[in-house]
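Our numbering applies: residue 26 is where the sequence shown begins, and numbers increase by one. Okay, structure first, notes after.
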Amino acid sequence: MRTPPVARSTDSWDESDVRIRPNKKGTRPRTKDRPSHDDAVTGRIITVDRGRYTAVVGEGTPDERKIIAARARELRRNPVVAGDFVSLVGDVTGEPDTLARLVKIQDRKTLLRRSADDTDPIERAVVANADQLVVVVAAANPEPRTGFIDRALVAAYDAGIEPLLLVTKADVKDPAELLSNYQHLDFPVIISKTADSAASGIDARSDDGLSARLDKDAVSQLRDYLDGKVTVMLGHSGVGKSTMVNALTGAERATGGVNAVTGRGRHTSSSALALKVNDAPAGSWIIDTPGIRSFGLAHVDPDRILRSFPDLEPGTDDCERGCKHDAAAVNCGVDAWVAAGHAGPSGPARLASLRRLLGTDPRLEAQDTKELGTVS
Ligand SMILES: Nc1nc2c(ncn2[C@@H]2O[C@H](COP(=O)(O)OP(=O)(O)OP(=O)(O)O)[C@@H](O)[C@H]2O)c(=O)[nH]1
Ligand SMILES: [Mg+2]
Ligand SMILES: [Zn+2]
26 MRTPPVARST
36 DSWDESDVRI
46 RPNKKGTRPR
56 TKDRPSHDDA
66 VTGRIITVDR
76 GRYTAVVGEG
86 TPDERKIIAA
96 RARELRRNPV
106 VAGDFVSLVG
116 DVTGEPDTLA
126 RLVKIQDRKT
136 LLRRSADDTD
146 PIERAVVANA
156 DQLVVVVAAA
166 NPEPRTGFID
176 RALVAAYDAG
186 IEPLLLVTKA
196 DVKDPAELLS
206 NYQHLDFPVI
216 ISKTADSAAS
226 GIDARSDDGL
236 SARLDKDAVS
246 QLRDYLDGKV
256 TVMLGHSGVG
266 KSTMVNALTG
276 AERATGGVNA
286 VTGRGRHTSS
296 SALALKVNDA
306 PAGSWIIDTP
316 GIRSFGLAHV
326 DPDRILRSFP
336 DLEPGTDDCE
346 RGCKHDAAAV
356 NCGVDAWVAA
366 GHAGPSGPAR
376 LASLRRLLGT
386 DPRLEAQDTK
396 ELGTVS
């Protein structure tokens with residue numbers, strides 16, 4: 026809908042504004058040469074691959090189909106990501122070899138974003154319209170990193186997405202030490218492992234055969250959170266995202282081993298893919314994503330970082346005005362709060378983690394990439 030230029034505060038309205046931020050709500054003009062696309066159909070983007078957008082339209086109706094589309098020229102600067110609802114025109118039959126035109130990105134309920142690192146001003150959209158973020162770490166192989174978990178939690182809170190923590194490979198190592206860092210926080214934690222026996226397992230098939238047989242109870246614990254929601258799985262390569270997604274959806278996404286020398290995954294999944302959750306109500310989707318290397322938070326306001334540490338934030342009540350709570354802060358109330366034990370035994374580690382996220386000290390920043398067990 027058109028918002029008249031007068032509705033905007035002191036800014037003057039001009040064409041360049043439209044070009045730079047063409048999707049900003051309500052500022053988009055409908056010029057006489059911009060078609061209204063009244064005949065457009067709405068689709069949910071399930072994957073994006075080399076400029077081709079796959080959308081599901083008519084979800085839950087007898088007409089449900091997949092459509093491949095290309096982005097209209099005027100949207101070429103606007104990223105379209107898995108989870109987006111879009112308007113499609115042209116050939117929307119979904120027949121083989123047809124190509125529709127994607128003419129509009131509909132308003133997003135949420136947008137999960139990251140930057141390559143904390144100083145990179147370029148934001149990357151990860152997924153749109155997710156209700157929940159499952160932060161996936163392995164108990165071992167690859168080693169879990171609390172810095173990654175903390176960053177993902179910040180990004181989730183910032184985007185208004187509910188976080189969950191999924192710890193995989195509990196058969197390889199007991200995750201108790203890792204979890205002790207998070208016991209004061211209020212979000213669901215699910216622990217997964219391979220099945221002890223065929224009877225207690227769910228086969229997670231991959232396109233190259235059986236990848237892992239996951240413990241049924243663990244899969245169903247996560248399954249219980251998925252009804253009617255869009256959930257995104259995010260984590261480093263090799264932690265078992267696709268394995269779990271296969272178990273939940275019956276899909277056969279490729280899964281890959283972990284390099285024995287480097288302990289890193291092989292970046293098996295190369296693009297995000299939304300899949301319907303098995304035996305779940307309409308609208309229950311899970312989005313598998315490629316393993317991410319880094320999770321920059323350049324786009325997140327420091328105040329919002331603090332808010333995602335609810336176990337520490339009350340300590341700021343006693344801070345001096347203007348306290349930045351970072352490593353250079355003097356008389357920061359959070360130090361006293363932690364020293365008094367209000368944040369529990371994991372308080373000092375949590376505070377160190379917060380300071381790494383808030384800090385501008387590059388030495389502190391680098392520690393964030395250290396593996397758990399080496400960070401005290
Ligand atoms: N022992 C054990 N292995 C698991 C578990 N879950 C997954 N794996 C194995 O871990 C390896 C990596 O799994 P993937 O599902 O490909 O990992 P991913 O997170 O999708 O990795 P990328 O696509 O590279 O980001 C595979 O060999 C799986 O069989 C688990 O709970 N226990
Ligand atoms: Mg994968
Ligand atoms: Zn402070």
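Using N, Cα and C, we set each Cβ at its ideal position, and we do this for glycine too.
From the DSSP output, in three-state form, read off residue i for me.
i: Leu124; result: coil
i: Arg46; result: Confidence is the limiting factor: at Arg46 the pLDDT is only 47, short of 50, which leaves the residue's position unreliable, though a coordinate-based value still follows. DSSP places Arg46 in coil when its eight states are reduced to three.
i: Asp240; result: strand
i: Glu338; result: helix
i: Pro188; result: strand
i: Leu382; result: helix
i: Val286; result: coil
i: Val264; result: coil
i: Arg248; result: helix
i: Arg375; result: helix
i: Thr219; result: strand
i: Leu259; result: strand
i: Ala224; result: helix
i: Val197; result: coil
Would you report the Cα separation of residue i and residue j, rounded to the nearest angstrom?
i: Leu298; j: Asp313; result: 5 Å
i: Glu338; j: Val355; result: 16 Å
i: Gly340; j: Phe334; result: 11 Å
i: Phe421; j: Thr144; result: This structure cannot settle anything about residue 421, because the visible part of the chain is limited to 26 through 401.
i: Gly141; j: Ala150; result: In the sequence under discussion, the amino acid at residue 141 is Ala, which differs from the Gly named in the question. The alpha-carbon atoms of Ala141 and Ala150 are separated by roughly 11 Å.
i: Leu158; j: Ala223; result: 30 Å
i: Ser262; j: Thr256; result: 18 Å
i: Gly358; j: Asp351; result: 11 Å
i: Lys91; j: Leu383; result: 43 Å
i: Arg133; j: Thr171; result: 29 Å
i: Ala184; j: Phe212; result: 16 Å
i: Gly282; j: Arg248; result: 24 Å
i: Glu120; j: Val105; result: 22 Å
i: Glu148; j: Ala323; result: 8 Å
i: Asn113; j: Ala97; result: The question names Asn, but residue 113 in the sequence shown is Leu. Distance between the alpha carbons of Leu113 and Ala97 is about 10 Å.
i: Ala237; j: Asn284; result: 17 Å
i: Ala361; j: Arg139; result: 32 Å
Thinking residue i and residue j are a contact (beta carbons under 8 Å), I'd like their distance in whole angstroms, please.
i: Lys194; j: Lys218; result: 7 Å
i: Leu137; j: Ala95; result: With a Cβ gap of about 24 Å, Leu137 and Ala95 do not count as contacting.
i: Ile216; j: Met258; result: With a Cβ gap of about 15 Å, Ile216 and Met258 do not count as contacting.
i: Val111; j: Ile130; result: 6 Å
i: Ser309; j: Gly253; result: 6 Å
i: Val244; j: Leu204; result: Not confirmed; about 19 Å, so no contact.
i: Asp336; j: Arg375; result: 6 Å
Open item on the list: Which complete beta strand (DSSP E) runs does the stretch 107-176 hold, if anything under 3 residues is left out?
Closed with: 110-115, 125-130, 136-140, 148-153, 157-163
- [ ] Give every residue whose Cβ lies closer than 6 Å to any heavy atom of ligand 3, listed in chain order.
- [x] Thr341, Cys344, Cys348, His350, Ala354, Cys357, Gly358, Val359
Task: Segments assigned alpha helix (DSSP H), at least 4 residues, entirely inside the stretch 289-333 - done: 327-332
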